[in-house]
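Using the UniProt record's numbering, the letters of the sequence shown map in sequence onto residues 1 to 1269.
For each residue, glycine too, the CB sits at the ideal point set by N, CA and C.
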Amino acid sequence: MNHLLRETYAGDLFQHAVLGRFLPNTECLLAGTCDRIFLYAIESGELKKIKEKRLFASLAGLSLLRGEGREGSTDGAILHFEQAKISKVFFSEEENEFVTTSLMYFEKQEYGITSETDKGISLVRIDTHHRLGFMLISRTHCALFSMHATGRIRVIEVCTLRPRHCIIKDVAFLQGFSVPTLCFLYEDTSAEKCRASVYVVDEEERELSLFFSIESIPHGCYSVVPTEDRVFMVLGANGAIFYSQWEMVGVCFNTFWNIDHFGIEEAPFNAEAFVIEGARCLCAGRDIFLFSEERLLRFSVLGIDGRVSRVLAEEVSSELPMDTPLSSAVYGGMGCLTTLSGAYVFALVPAEVQIPHTTQAQSIALSNDFKEMFLSDVPAESSSIDPDLSLGAEKVPIVMQPENIEREYAEMFHLPPETEARQRETQATTLGGATTHAIELITEKESNGYVKSATVVSYTERQKEYLFACGTVKKPLFVEMKEGIEFDFSHTAKIKGYLDMFAVNKAQNMYLVTKEGESVIVAWNETIETADGEIDKAARTLEFQATPSGYVQVTESSLIFLTGGLKRQKEARLEGVAAAEYASGRVLVITGKGELYVYTGLKKAKVPIPQVKSIATAKDRVFCIDTNNALHIYSVTAKRTTLVSQLLPLFPAVIESVSKENERFQQLAQNSAKSSTVIEVLAVEYAKSLFLVLRTANNEIVVYRESGERLLKERVTNNQFYYEKEGFLDTRKQKRMRVCRNLVVVPGYSYSRVLCFTKEGAFIHRLQTPVESVEETSTSTCQCPPSTTPPPRPEHSGHPGHSECTKCLEAATRTFVVLAKGNLAEGTLSPNRYDRAITYRRTRVASICERVVYYPEKKLFIASAFTEIEYTKDMMPFTVSATTELEADKLPPVEIPSVELKPKTRGYSIEIFSQKELRNAKAGETLSSVDKFGLDTNEYVSFHKLLRLPDKQCDKGASEFIVVCTTYITDEDLISTGRLIVLEVASVVPERNRKETKHKLKPLAAERTKGTTTACEEIKGGIAVCVGTKLMVYSFDRNEGLKAIAFHDMQVFLTSCAVLRNILVCGDAYKGVFLLFYQQVPSLLHMLSQSTGSIYLLKGVAMALHGESCGVLSYDSWGHLYIHSYSPLNMLSQKGSRLITRAESKLPDVVVGTQTVPYGANFKVLLFTKSGYVYKHEMVEENKYASLLDLQHSTLPQIKMVCGTAPSSHWTIEKHAEMRDITIKEMLQSGVAEEYFEMGRVRQAKISSDAGRDSSGAVKAELLFFRHL
């Protein structure tokens, strides 16, 4: 059997972000995560999405390049990929695409990248002023490269730069110098301190010359933050130190640092002691803002000309919610911060801060090196230094006046004397009023954060639901995910034979239904009754809309204006009307001959566009599609055609006027017009943008967005794998697209779809109900200020096309009347979010959940959750209080020194949540657990699962039990232990105000194990448990508890296991996968086979079944997926003792969990990643695999290598040739097939020709195989 992966991206986290003018005269946000980048324009306090691009490489960072865009008018960016790859790009509006101008790759063998563990070491730094870049390739090599001279690169060995026993922690370009200046921060592994070296870069020779070095840096520093005036900050967990060529000033966060020992002046900082790890900083002038998980700090560096006279440190408050920071950026007077909670764009507003003048003497501690170098020859009478100063002491506090310090510096470094004006300016800047910055939030974008766990709620052909446990400790979330959209119908009524429906009076439930040769108005109360009205009842209605004075009806033979009481006012006889539309007081009619007329009342005017077959209107413009599939845009007010394009059948990335189109492409468009027939067009206004929705003869959807005088093609998520092969062009039975504010319902023969316009772009979701026509009956309930008054927050801004803001529109419960399958039904759409590939809904929970399991029988979610609690002394395990000698005296208790910090640890528990309460939770509410079972101190939950075990007290012979695997955190010298706990959800009398409290967790058994328990599975009525280096099988009985009945010794450390019938697979962290057979009577475990090859920290295993073929899946901490099979007849298996590797794939993210789900007679495996990818594994028959692989090989060369990433190597695990198994076959990837649907018709035709298919339609028909997975 062969293997296939179908991927769906449901994440929304920004790991990297930069600000810049990537569009002309527009501030933009460029963000990235995993293998995608997003471009947003910041307009009127909102983030407007411009472009989303899939990268076929793992993104490691982003950097800004000022003025490196189109002709220097816009900015460019550096994309830094894993494995030391760099791409220089900018965004082109003319091409609606990112354009790559240069690429840099570094060979792994030559420059020291030897394994996947090096991928997190590489970093890139850019000096935008001198247009110079630096890359740390690996632990052994770095490179300097020019941003304006392609190819000027110099690779340098790190050992020539760093001191001995030191490793590089960070690198930064210092600002304010006339030449490029690099600062290296090292950690000295032989001493408890850090070092720094500042080098001057020769731009011509690309050589580094040592400028100065700093030895006085405390331990624990990890980041260098430069200011704009030659001063830089070195940040550590316990404090921050500010350096210049002359001064050193430090700020301590706690008492762990003793910076006086290094001769560093300490600045006052009044705050509760804390520790900062993983902080992000940005610089605004001489202000440095530090963002951490708990607090926001601002350091104001006072002084001029690269001097540090004083540092003002304070904790500030802002509108930004503090959470784990991921990246920060600054551009002009604007800043950006991305965290696990979302992305925030803010303004850096100048603010005046008054610093009191002080004249008291400053106490400075001088080191021996400083005194011997500078003070040994200084006469005592020339300064205020004590003449009795002893140079032999380690450090001696002396007293110097500020003016004397300046004079001594001037004499030491031969500085020119300052003028009186300069001295007054210095004093005013350092001691008087100073200008600092404050943060004012402009806009924000929420995020689900990293996915910690996911569970399948339902997985059938029609319904696929998941629950994601996301968020952070401060903002824990449950995210309900569902593939597709479904109406929740309240009541229905039979009304057979009708094909279309129009709303007459929504308040009175009056609708006009029509079919061939008949139109009728019905009133739907308890039953459907015919209503009176002077409409044309003997013809099919093509358009029926409300007007200021009543209604207008357009049939195939008449145009009728009606009063509000449905009485005829005036009418006109028409001949052979093919289509009609009413907008802005005008009626547009297309005749059977393709002539277009505009009626204002009964006054008729002809539009000079021949052979029109479909129209759409937006304000005073008409978008027309003719029989040659050319696009015409006609202005009714100006009475002229503003744009004509013959390239529409090619669906290019940009549509411009015909005068700018190439003749060769026009000929190609004429040749492909028949295969790309556009049968319907709609114009939709949303979020201040106009979108053109095109529908082809095969029911494909193409969306264009208007930008100036051009139309830009929009990427529509989930638009792939839909292609109607036949029967759709029967125009008499064709169903129209219907617009319901920001939703466009697209009927189809296979199934209906809904095109959703959101702030994040256009998304298509499958509609479970086959719809013929739909009308929205709900109205706007938005109470936000109108769009004419700009509100302070972006989500409360109105948009053209509807009167409510996008936030209220997404949160509202909307009602619809649907005509489907001969029924008239009223239904609602739940307030889910549609701006992802999977619809979702967030709910805040009381505690963060690391793993979630669904209990379908009782509709409960079982979660292992934790809360942060204060770490006390009795929680600290020590081995020094124990001894192995029998006659040894008992050691005294350990004395733990008091620490001013208040460290926190995790208190774990097993909690149950009600699915009913989760679905009924309102926006802003916090969901609390129904019940919880607390664990011991220092006991962590490794794994838990719902298992069906034998139960004598149950009539069915078996019951559902919760089995929990835990581990105790102890000192490294002690033997690790854990527990195996069995719980039951019992039924009790509920609380009066909360019925779901009828569920209660009841402990039944607990077994202390000699080793960490990491995973468990049910196997033939027993419990297979991974316990350290052993694989155990336990039996459970309510009366007798847990009893070990079988075991098997493994090798290093077991991390996971999976069971299918009586076959058991377990994963060893370093030795790979082991396949065992379980014999029930007597209870024995038999080793069958194991995998070969090296692996690094195997995290999980799973098993898939397709017919008689079984696949063993495993994944490691690098994001590598391996698939093995047990083939004892294969000669490479060594008589079955070795598993055969069948396929490998590199995933763009780390897998956080898997789940095997039954699907018909087979078992599928779903994989969930940290950033929101959902992968579905499928086994494919050989004949189908060969056909799809041929298409994949033909498609890969036609995918543009945008941003310099190669699609062919994106999923390939890089190995030496001699280490590759000859049994490995290429895995099919749905990401390649998706790119085919997004291509223009020219490249699609090229692929179909290379693959030997008749047309692109034949290729799409084959690729529909991915749709049914």
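Practice item. Whole angstroms is fine: what's the gap from residue 1118's alpha carbon to residue 1214's? Key: Approximately 12 Å, taken between the alpha carbons.
### Among 843, 958, 960, 594, the one whose alpha carbon lies nearest that of residue 915
Here the closest residue by C-alpha is 843.
### Per-residue DSSP class, three states only, for residue 64
Assigned with DSSP and collapsed to three states, residue 64 falls in strand.
| said: I want to know whether the region 754-766 touches the region 708-723 - three or more CB-CB distances under 8 Å. | reply: Cβ pair count under 8 Å is three or more, so yes.
Problem set entry | Range covered by the beta strand (DSSP E) that runs through residue 742 | That residue, residue 742, is in no beta strand (DSSP E); it is neither H nor E in DSSP.
Notebook entry, point to check: Span of the beta strand (DSSP E) holding residue 92?
Noted result: Start and end: 85-92.
Per-residue DSSP class, three states only, for residue 158
Taken through DSSP and simplified to helix, strand or coil, residue 158 comes out as helix.
Q | Short Cβ contact (9 Å threshold) for residue 172 with residue 224 | A | Contact flag set, yes.
Next item on the list: Tell me, to the nearest whole angstrom, how far the beta carbon of residue 1196 is from that of residue 1232; I am working on the premise that it is less than 8 Å.
Entry: 6 Å between Cβ atoms; contact.
* Span of the beta strand (DSSP E) around residue 1244 -> From DSSP, residue 1244 is part of no beta strand (DSSP E) but of the alpha helix (DSSP H) over 1241-1250.
- Task: Would you please state the rounded distance, in angstroms, between the beta carbons of residue 625 and residue 581? I believe it to be under 8 Å.
- Result: Residue 581 and residue 625 do not touch by the CB rule: their CB atoms are close to 13 Å apart, not below 8 Å.
Exercise for review: Classify residue 1182 as helix, strand or coil using the three-state DSSP reduction.
Suggested key: Residue 1182 falls in the helix class under three-state DSSP.
- Comparing alpha-carbon positions, which option in 647, 618, 46 lies nearest residue 634? Closest option to residue 634, Cα to Cα, is 618.
I need the straight-line Cα distance from residue 1266 to residue 1188, nearest angstrom please. Roughly 10 Å separates the two Cα atoms.
* Asked: Between the C-alpha atoms of residue 1185 and residue 768, what's the straight-line distance to the nearest angstrom?
  -> Here the alpha carbons of residue 768 and residue 1185 stand approximately 29 Å from one another.
Exercise for review: Within 10 angstroms of the Cβ of residue 1052, are there 16 or more other Cβ atoms? Answer buried if so, exposed if not.
Suggested key: Result: exposed.
In angstroms, rounded to a whole number, what distance separates the CA positions of residue 396 and residue 264? Caution applies to residue 396, whose pLDDT of 40 falls short of 50 and renders its modelled position unreliable; the model cannot decide the point.
Using only CA atoms, which one of 329, 337, 331 lies nearest to residue 322?
Looking at the Cα atoms, 337 is the closest of the given residues.
Suppose you measure from the CA of residue 220 to the CA of residue 174; what does that come to, to the nearest Å?
Cα-Cα distance, rounded: 21 Å.
Closest to residue 147 by C-alpha separation, out of 88, 530, 165, would be which residue? Taking only the C-alpha atoms, the option nearest residue 147 is 88.
| said: Mapping the DSSP letters down to three states, classify residue 47 as helix, strand or coil. | reply: In this structure, residue 47 counts as strand in the three-state DSSP scheme.
task: Please go through the region 428-503 and give each complete beta strand (DSSP E) segment of 3 or more residues, from N-terminal end onward.
output: The region 428-503 contains, as complete beta strand (DSSP E) runs of 3+ residues, the segments 433-446, 453-459, 464-471, 476-482, 488-494 (chain order).
- Message: Along the chain, where does the beta strand (DSSP E) containing residue 215 start, and where does it finish?
- Response: Here the beta strand (DSSP E) through residue 215 covers 207-218.
Q. According to the neighbour-count rule (16 or more other Cβ atoms, all chains shown, within 10 Å of its Cβ), is residue 1131 buried or exposed?
A. Exposed, by the Cβ-count rule.
Review point. Is residue 252 buried or exposed, if buried means 16 or more other CB atoms sit within 10 Å of its CB?
Key: Its Cβ being crowded by 16 or more others within 10 Å, residue 252 is buried.
Buried versus exposed, by CB contacts within 10 Å (16 or more), residue 999:
The residue is buried, with at least 16 neighbouring Cβ atoms inside 10 Å.
Uninterrupted beta strand (DSSP E) stretches inside the region 1023-1055 (no shorter than 3 residues): Those beta strand (DSSP E) runs which fall completely within the region 1023-1055 and span 3+ residues are 1030-1037, 1041-1049.
- Query: What does residue 632 pair with, by DSSP beta-bridge criteria?
  - Reply: The secondary-structure analysis by DSSP pairs residue 632 across a beta bridge with 624, 644.
Mind reading off the beta-carbon distance from residue 1272 to residue 840? Whole number of angstroms is fine, and I expect it under 8 Å. Here the chain comprises residues numbered 1 to 1269, so residue 1272 is not present and cannot be evaluated.
inquiry  = Can you tell me which residues form a DSSP beta bridge with residue 1154?
reply    = DSSP, once it has assigned bridges, lists 1167 as partnering residue 1154.
Next item on the list: Specify the secondary structure class of residue 1208 as computed by DSSP and reduced to three states.
Entry: Annotated three-state conformation of residue 1208 is helix, per DSSP.
Taking residue 222 as the reference, give the member of 1205, 209, 212, 194 with the closest Cα. Of 1205, 209, 212, 194, the residue nearest in Cα terms is 194.
Who are the Cβ neighbours of residue 418 in its own chain at under 6 Å, not counting the five residues just before and after it? Confidence at residue 418 is low in this model, with a pLDDT of 46, below 50, so the placement of that residue should be treated as unreliable; the coordinate-derived value is given next. Taking residue 418 as the centre and dropping the five residues before and after it, the same chain places no C-beta closer than 6 Å to its C-beta.
In chain order, what residues of the same chain lie with their CB nearer than 6 Å to the CB of residue 735, ignoring the 5 residues before and after it?
-> 747, 772.
Same chain only: Cβ atoms within 7 Å of residue 308, ignoring 5 sequence neighbours per side: Non-local beta-carbon contacts of residue 308 in its own chain, meaning distances under 7 Å to residues more than five positions away in sequence, involve 231, 242, 244, 247, 249, 301 in chain order.
Exercise. What is the C-beta distance between residue 866 and residue 906, in whole angstroms, given that I count them as a contact (C-beta under 8 Å)?
Worked result: Yes, residue 866 and residue 906 are in contact; Cβ-Cβ is about 4 Å, under 8 Å.
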